[in-house]
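Step one of this worksheet: look at the structure below.
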Amino acid sequence: MIDVHFEDQSTKKFVIAEEATVGELVKKIQQKLYLECDADSFALFEETVSGGHKIERFLRPEELCPRLTQPSRFLFKKRFFFADNKEDPVTTHMEFIQIREDVLRDRYILTEREHLELAAIDLRVTFGSPDPTKHKAGFLINAKHLPRLLPENYIKMKKNEVWEKQLLEEYQRIAFEPIESDFQGKVRYLARLKELKPDYFGSVFYEATELEIVEKVVKNRVPVLLAVNKNGIHTFRKPPALASEKSSKIAFFSKKKDSNSDVPPQNILMRTNTFQEILGWAVHPPTHTFIYTVPSESEEGVRYSYESELAGDIPDVCQEYVQQIIARTEDVEPPQE
């Protein structure tokens, strides 16, 4: 008997044979979830924690199921996003809980206003229409719901009572907008985030360190977050770990301040390279380094190098997106003459 975890903190138990493969377990999971639409985009991961970050290692279908010990655990989630599954409730739910988790990890660069809007939709999905006798002061705090609605770095910016008041007000505001079911609420959440962040919506994310190399010597190591989706590879520079929240605000927002409120330090988009412009990629396994090249005036092009514990997984995901793009292109019929 093993436990498989999901992005909404739920767990399901499965019985597998001693020599069962990962692929066999994945089929059991899909059957139990009634997951049929876009099933090939889901996979099983081994989740561990390293350096304060969750590391999710893709388990290949042909591997034997490893026997994990705490704190490692199995996690079932999407490995890539490509198809539009808004008509399928099961796949939509799986996408919703995964993308919501990425929002809560602050992987999407959003304003406070945008976070409140998405959180209110989430409340509508979870609790239905607001009930003034139930959804009032103390409801979110006492039930410890705040960490499931806002990123941790946002919560630290204000008192819990202030956040609760703003969330309940936003929850009440959208009460008069038509959402007939929790499924439609999930579709709306995903659609709104896609509208806000179309370029890197539906990304899979990798913690990494970019290597700034000059004449074959590493001059600097920059903490980054890599986001890979059907639009290409996006590199986000992580905010520096400043000594205090106050100095952090000054450093990041002395030039431009949000008209509604202060925003905590966030990732900064450094570059986006589409798959159409990327010349190639490679992995150097001994150093866990992922490298890709884009055109430049020099014959060799510009090479970007990243160290990541999951460097070996990134090319496979990139290749999957390229294959999906090619397949979609080939499926388009030529115009009639």
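When you line the sequence shown up against our numbering, it's residues 3 to 339, in that order.
We put the beta carbon where it would ideally sit given N, CA and C, even for glycine.
In terms of alpha-carbon separation, which member of the options lies closest to residue i?
i	options	result
H290	G282, L152, D86 and Y308	Y308
K146	S12, W165 and H7	W165
Q100	K34, F78 and T211	F78
E48	R69, G54, I18 and C39	R69
T276	Y294, N269, P266 and Q268	Y294
E279	P267, S298 and F292	S298
T13	E20, E21 and K34	K34
D90	S310, A41, R239 and K136	A41
I157	P266, L198 and H95	P266
L271	T71, L112 and T128	L112
H55	L169, E38, K199 and A210	A210
S183	G130, P134 and K138	G130
Tell me whether the beta-carbon of residue i lies closer than 8 angstroms to the beta-carbon of residue j.
i	j	result
G108	P153	The residue you asked about is not Gly; residue 108 is Asp in the sequence shown. Contact: yes.
L312	Y208	yes
F83	G204	yes
Y36	V105	no
Y191	P132	no
I123	R194	yes
P241	Q268	yes
E103	K80	no
L151	L169	yes
So is residue i buried or exposed if we call it buried at 16+ other beta carbons inside 10 Å?
i	result
I215	exposed
I235	buried
E119	buried
N162	exposed
E212	buried
H286	exposed
S249	With a pLDDT of 41 at S249, under the threshold of 50, the modelled position of that residue is not reliable, and no figure is offered here.
R126	buried
N144	exposed
D315	buried
H95	buried
A284	exposed
N87	buried
Grouping DSSP H, G and I as helix and E and B as strand, with all else coil, what is residue i?
i	result
D202	The identity of residue 202 in the sequence shown is Tyr, whereas the question assumes Asp. If DSSP states are grouped into helix, strand and coil, Y202 belongs with coil.
I328	helix
L77	strand
T71	coil
T113	coil
L46	strand
K15	strand
P2	No answer is possible for residue 2: it lies beyond the span of the chain, which begins at 3 and ends at 339.
D184	helix
R126	helix
M159	coil
Y36	coil
H286	strand
T276	coil
A193	helix
So, does the CB of residue i fall closer than 8 angstroms to a CB anywhere in chain B?
i	result
L151	Given the protein chain composition of this structure (a single chain), no chain B is represented.
Next on the checklist: Would you call the segment 14 to 33 in contact with the segment 50 to 64, where contact means no fewer than 3 C-beta pairs closer than 8 angstroms?
Outcome noted: yes
Next on the checklist: When you compare the segment 223 to 232 with the segment 314 to 331, are there three or more beta-carbon pairs, one atom per stretch, that lie closer than 8 angstroms?
Outcome noted: yes
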